[in-house]
Structures are given as structure tokens and as C-alpha cells.
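Accompanying notes for the structure given below.
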Amino acid sequence: MKLQKLYSKVRQALDDYNMITENDKIAIGVSGGKDSLTLLYALAGIRSFYPIHFELAAIAVDLGYDDFTLSPVQTLCDELGVDFYIVKTDIGRISLEKSKEQASPCSWCAKLRKGALNDFALSIGCNKIAYAHHMDDIVETMFLSLLYEGQFYSFAPVTPLDDSGLTIIRPLMYVGESEVKGFKNKYDLPVCKNPCPYDGHTKREYVKQLVRQLNLENPGVKKRLFSAIQNGNIDDWIKCTPNRQ
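Structure representation (C-alpha cells):
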């Protein structure tokens, strides 16, 4: 995927769901993976020509794993003119301890990471956080909800966190994972391998493979599933009806 196509899809999401307002300071949660680096690249570029002024900060939550470095991300942020912050934590160790009590510590880890990210974002004056969830993530989350919770749900494009004053936005919602992979390869993004021992061994990974197989057998089904979510009267989506001309 070329840069202009990425800009176009991200800008469409920003416009459709009014994700940005004047003088927002937006924190980008950067893990070092392809998704968050693609989002960083997109918002840093769009910032220069978008009609609404906004600021950016990239924040990485360091889980405390040995031999994990984010120095290539620092270099990219310097090139893009985005301030980069690393929040040091022991979340990796704490989560692995939790794994002795439950099959997977992933939900516990995610909760701690989000808390650390939100707290630091607030401390530097951010009012919004951009997550790098793309179209595949949204469809997979719907399947996870159906299979394991018995309800039709997926996270929304815009999610206010009422207890903190922060708002979550998801500007990659119209971008497919295959497009992210193509962009990463074309622009040689400095991806940092996830050191977590549970990476690739989760319920989400199972659902990812399921959706991939469905789409192989029924070309276009993933986009139709995404449309079903958009039009499915999910409470959190109804609150942010797209503003299309």
C-alpha cells in the first residue's frame, strides 16, 4: 500500500467519525509492531495538511522484558518530528506471574498496559489516544464476542473514557491487515519483535485464522462482516454515527 492510499483511508475515518477536534493532543500507543508504526506514520504525515490543528506524542509502555529495545522507533519518531516517550514498567513479570493462576495472562497484561498508557498520556496533556486497531481487528473482536461471550459487539471508532476525560480513537479502521503488511514492507518500518512468550498463542490468533479461512473461501466476506458491524446497531457505534456527505 502506498502512502497516499494510507493517508486517504485514515483521513476518511477521521472525517467520517469526527475523531479530531481543534487543538487535540493525541497520544499514539506505540508497541513497536507494524500496526502502531503504520498509524504513527499516517498521523504524522496527515498532521501537516489536515484542516484541523492537532499535536502528537508517541508513547510506548515498556513491559520490562530483557533485551527488548525501541531505539529504532525513537529514530523513526525523530525523522517524523514526533515526541517519543517510553514508560518503564514490570508488567511483563507481573503478567507471567498471573499465568500461574490462569491459562493466559493476556487480559491482565492488556489492562495494566492501558492503565499505564492512559496515566502517562494524561500527565503530558493528551486528551485523546489513538489505537492502531485496523479492520481485521474489529472483525476479529466481533467474532471473539460472539464465540466466547454470546453477544454481537466490537469496539467503536470513538470511545470516550468517562472516568478519565480521555477519548480513544481508531484511525486505521478502514485499513486491512494485509494493507498494513504491504505498507510495512514498502516503507521498511522498523518493527520490533514482540518478546511476549504468549504472542501468537491466544484466542485472538485462533479467530484471526478462522476469519482468514472464511475470506479465502468466500472472497470479500471480511468487508461484508465489517459492514455488518457498522450497520449492526451496536450501542457504542450508534453513539458515533458517521458524518458522511
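Residues 3 to 247 (the working numbering) make up the sequence shown, in order. A virtual CB, placed ideally from N, CA and C, is assigned to each residue, including glycine. From a predicted model like this one, the values you see are computed outputs, not experimental measurements.
Looking from the CA of Leu148, the closest CA among Leu5, Leu8, Ile236, Tyr9 belongs to Ile236. DSSP, reduced to helix, strand and coil, places Val160 within a strand of the structure shown. Per the DSSP secondary-structure output, Lys7 pairs with nothing in a beta bridge.
Positions of the alpha helix (DSSP H) runs, each at least 4 residues long and wholly inside the region 23 to 63, are given as 36 to 48 in order along the chain. Per DSSP, reduced to three states, the secondary structure at Tyr133 is coil, with no helix or strand assignment. In this structure, Leu42 keeps its C-beta atom at 8 Å or more from the C-beta atom of Leu8. When beta bridges are read from the DSSP output, Asp85 appears opposite Ala59. Segment contact: the region 106 to 125 against the region 11 to 25, fewer than three CB-CB distances shorter than 8 Å; contact not assigned. Judged by their CB atoms, Asn217 and Lys224 are nearer to each other than the 8 Å cut-off. Closest option to Cys128, judged by alpha-carbon separation, among Ile61, Ile140, Asp138: Ile61.
In the DSSP assignment, Ile171 falls within the unbroken beta strand (DSSP E) covering 168 to 171.
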